[in-house]
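Numbering of the sequence shown is given in the working numbering, commencing with residue 8 and proceeding in unit increments.
Input: a single structure, listed below in structure tokens.
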Amino acid sequence: MERYIDMHCHILPGVDDGAQNMEDTHRMLQTAYDEGVRYIIATPHHHPRRGRARPQELRQQLRAVREEAEKISDRLKVFLGTEVYFGQDIPDKLKENEVLTMNRTKYVLVEFSPSDPFEYMQQGIQRIQMKGYIVILAHVERYDCMREDIERVEYFHEMGVLIQVNAGSITGNSGRRIRKFVKELLARELVFCVGTDAHDDRKRAPHMKKAAEYVKKKYGEEYARRIFFGNAAEMLKKKKKNESRQSNES
Numbered sequence: 008m009e010r011y012i013d014m015h016c017h018i019l020p021g022v023d024d025g026a027q028n029m030e031d032t033h034r035m036l037q038t039a040y041d042e043g044v045r046y047i048i049a050t051p052h053h054h055p056r057r058g059r060a061r062p063q064e065l066r067q068q069l070r071a072v073r074e075e076a077e078k079i080s081d082r083l084k085v086f087l088g089t090e091v092y093f094g095q096d097i098p099d100k101l102k103e104n105e106v107l108t109m110n111r112t113k114y115v116l117v118e119f120s121p122s123d124p125f126e127y128m129q130q131g132i133q134r135i136q137m138k139g140y141i142v143i144l145a146h147v148e149r150y151d152c153m154r155e156d157i158e159r160v161e162y163f164h165e166m167g168v169l170i171q172v173n174a175g176s177i178t179g180n181s182g183r184r185i186r187k188f189v190k191e192l193l194a195r196e197l198v199f200c201v202g203t204d205a206h207d208d209r210k211r212a213p214h215m216k217k218a219a220e221y222v223k224k225k226y227g228e229e230y231a232r233r234i235f236f237g238n239a240a241e242m243l244k245k246k247k248k249n250e251s252r253q254s255n256e257s
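What follows is the structure in structure tokens.
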């Protein structure tokens, strides 16, 4: 494998607790490119405390980040989504376009509090699904109720929920317990896609290559290609198919 998609990255400057300025963004872009990442979906927080920039501001920042990415390589492409912290108002905000989906598709990257009970997560996800969206559950390894019973991840999988894990959790950056849990998810082929969840170019940098190489060696090249590129690429293909129509709507 020589190219990856980072579909969870806080790389837009000054909109959340990720990159604070364009200098931070440039260093993150360079690190990502050096790691083999060729497509990034920027996923700024929509969260009561970590960031609530409006879509217009996010799109303005995206244009600036794309220009910065061009300075590194014309093969480094950046798209826009959101990491949405679930609240009771989120399903309606999605329908009203107050919260962005992944690259203007039906995919929505959703996070919960680590301590939220399974039943609350289930009900929240179902409410979003009932509005016609496909839920990607952000960094599943962080939720206490998931780690307590991996069959709950299986249940979500059967519900049509797509499971995302962080690259650092695969390589052990989050501790042995979480790595063991993620390895079981990989063994069961429950993981849909991998993101870096990068916030800077230091402690939470967009490192992808080591995790991809581990999965390729341990679980096979075909599965690695799917979760580090192919599955997330579906979000980008949909944009291209509908690009002219959606441009007219925006």
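Virtual Cβ for every residue (Gly too), placed ideally from N, Cα, C.
Keeping to the same chain, check which residues put their C-beta closer than 7 Å to that of residue i; ignore five residues upstream and five downstream.
i    : result
L107 : P62, L65, L87, G88, T89
S122 : D151
N28  : P20, G21
D31  : P20, D207, D208
Q129 : none
Measure the beta-carbon distance from residue i to residue j and round it to whole angstroms, keeping in mind my assumption that it falls under 8 Å.
i    : j    : result
A306 : D207 : A query on residue 306 cannot be resolved here, the shown segment of the chain reaching from 8 to 257 and no further.
Y53  : V91  : Just to set this straight, residue 53 is His in the shown sequence, not Tyr. With a Cβ gap of about 5 Å, H53 and V91 count as contacting.
M242 : Y140 : Rounded, the Cβ-Cβ distance is 12 Å, inconsistent with contact.
F235 : V201 : 6 Å
I185 : S176 : 5 Å
H15  : L116 : 6 Å
A60  : P51  : 6 Å
K196 : I157 : Checking the sequence shown, residue 196 turns out to be Glu, not Lys. Actually they do not touch by this definition, with Cβ atoms about 13 Å apart.
Let me check understanding here. Comparing Cα to Cα, which of the options lies closest to residue i?
i    : options               : result
T178 : H33, K244, K224       : K224
E155 : D23, M215, D31, F188  : F188
S80  : A239, G237, E220, L36 : L36
S120 : R10, E105, L197, E148 : E148
N110 : L197, I47, V160, R10  : I47
Y226 : A212, E75, P213, V198 : V198
Y221 : A231, A212, P213      : A231
A71  : E161, A49, G58        : A49
M153 : E165, N180, P124      : P124
N180 : L144, E165, A218      : A218
CB-CB under 6 Å to residue i, same chain, minus the five flanking residues each way: which ones, in chain order?
i    : result
N173 : H146, D204
Q133 : none
F76  : Checking the displayed sequence, the identity of residue 76 turns out to be Ala instead of Phe. Contacts found: L36, L83, V85.
N255 : Because the pLDDT at N255 is just 36, under 50, the model does not fix this residue reliably, and the point stays unresolved.
Tell whether a beta-carbon distance below 7 Å holds between residue i and residue j.
i    : j    : result
R45  : R73  : no
E42  : K210 : no
K100 : K138 : no
I12  : A239 : yes
V142 : V160 : no
R57  : D24  : yes
Please report whether the beta-carbon of residue i lies at a distance below 7 Å from any beta-carbon of chain B.
i   : result
Y11 : No chain B appears in the structure shown, which is made up of a single protein chain.
Within its chain, find whatever has a CB closer than 8 Å to the CB of residue i; leave out the 5 residues flanking it on each side and keep chain order.
i   : result
P55 : Y92, G94
E9  : G43
K78 : H33
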